[in-house]
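Please read the structure below before turning to the comments.
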């Protein structure tokens with residue numbers, strides 16, 4: 025859940041964002057504040073894997089977009105997380 | 026702060042900075058980086074260097090990390106000072122069968138909880154703990170910092186360790202003065218002769234002297250710098266060997 029690459033993918037799921045916008049968004053929806061080094065470490069890895077891509081920008085603030093492959097990986101991660109959440113809730117009910 | 030951040034960003038590999046540098050700078054301009062963010066940038070730079078194995082920069086990055094860790098350790102554990110003095114039984118005619126008592130047992134007026142608590146309050150010791158921890162904890166901490174050891178059949182060394190040199194000296198002086206003024210309560214088993222018991226006097230042999238305990242800040246920083254650089258070089262070399270084609 026606190027894996028930076030997962031959080032960046034989730035942040036980009038509703039639209040293109042640059043680094044600072046991602047940082048703010050992740051803090052808002054996950055309550056996790058990624059440090060600048062951690063955020064750009066995740067961005068670097070995701071771009072190398074081809075799961076996100078940088079968009080052209082006239083500004084220094086370069087936005088990123090989720091690729092089709094990134095979207096597929098995010099869906100897989102979310103499905104896995106959903107299974108864990110459901111199993112945990114089910115077990116708590118029977119505890 | 027900006028200079029430290031600028032230096033930390035330069036720890037990233039040049040090819041990474043060429044690609045991500047402007048937008049990373051823009052991010053740092055948008056946010057207000059704190060001390061934790063500097064650590065995060067150094068950590069990110071180290072991880073990036075590990076993946077690219079730039080030996081000099083790895084050494085520099087780990088040396089910087091070593092300095093930061095040494096500084097943090099120094100803040101968490103400030104240098105301490107041990108104030109030590111020697112006290113002895115002054116009577117020259119102690120019988121051969123005289124058994125040296127434990128100073129803590131025979132001087133309850135000095136080492137009892139009540140008098141030690143008074144000493145803590147009078148000298149304002151452990152101010153950070155005041156109100157946060159009960160007096161019994163501060164008393165226990167005081168006892169852990171106080172060492173009373175026998176150094177000859179009739180002499181004892183009293184030593185108190187504390188971060189404030191002046192206070193350490195004051196506490197040891199107070200303890201030794203109380204012992205000289207109040208004497209010790211020697212039992213019949215220790216000295217059967219009542220006359221000898223009545224005339225036992227305590228004398229100050231060596232007045233308290235303070236000495237620093239442990240490495241200084243500059244020694245710690247040097248250790249962090251050297252240790253960090255060595256670790257950086259070792260990791261870079263290891264990484265090159267692993268990546269070397271067979």
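Protein chains in written order, with the working numbering: chain A, 25 to 119; chain B, 26 to 271.
Just so you know, even glycine gets a beta-carbon here, dropped at the ideal spot from N, CA and C.
Bear in mind the structure is a predicted one, so any value in this text is a computation, not a measurement.
Item: Residues near residue 238 (chain B) by beta carbon distance below 8 angstroms, same chain, minus five either side; Value: 104, 105, 106, 107 and 186
Item: Reduced DSSP category for residue 37 (chain B) - H, G, I as helix; E, B as strand; rest coil; Value: coil
Item: Option nearest residue 272 (chain B) by Cα separation, candidates B:49, B:148, B:201 and B:200; Value: This structure gives no information on residue 272 (chain B), because the portion of chain B shown stretches from 26 to 271.
Item: The stretch 62–80 of chain B touching the stretch 86–104 of chain A, judged by at least three CB pairs closer than 8 angstroms; Value: no
Item: Under 8 angstroms between C-beta atoms of residue 59 (chain A) and residue 62 (chain B); Value: yes
Item: Cutoff 8 angstroms: residue 35 (chain A) Cβ touching any chain B Cβ; Value: no
Item: Continuous alpha helix (DSSP H) stretch holding residue 154 (chain B): start and end; Value: It is not in any alpha helix (DSSP H) - residue 154 (chain B) carries neither H nor E in the DSSP assignment.
Item: Backbone secondary structure at residue 89 (chain A) - three-state DSSP; Value: strand
Item: Inter-stretch contact at 8 angstroms, needing at least 3 Cβ pairs: the stretch 76–96 of chain B / the stretch 154–167 of chain B; Value: no
Item: The stretch 141–156 of chain B touching the stretch 194–202 of chain B, judged by at least three CB pairs closer than 8 angstroms; Value: yes
Item: Any chain B beta carbon closer than 8 angstroms to residue 68 (chain A); Value: yes
Item: Contiguous alpha helix (DSSP H) assignments of at least 4 residues, all confined to the stretch 133–202 of chain B; Value: 133–136, 138–148 and 160–170
Item: Neighbour list for residue 52 (chain B) in chain A, Cβ cutoff strictly below 7 angstroms; Value: 43, 44 and 60
Item: Residue closest to residue 250 (chain B), alpha-carbon to alpha-carbon, out of B:57, B:47, B:39 and B:94; Value: B:94
Item: Status (buried if at least 16 other CB within 10 Å, exposed otherwise) for residue 110 (chain A); Value: exposed
Item: Best match in B:169, B:100, B:183 and B:45 for proximity to residue 127 (chain B) [C-alpha to C-alpha]; Value: B:183
Item: Residue 93 (chain A) versus residue 43 (chain A): straight-line alpha-carbon distance, rounded; Value: 20 angstroms
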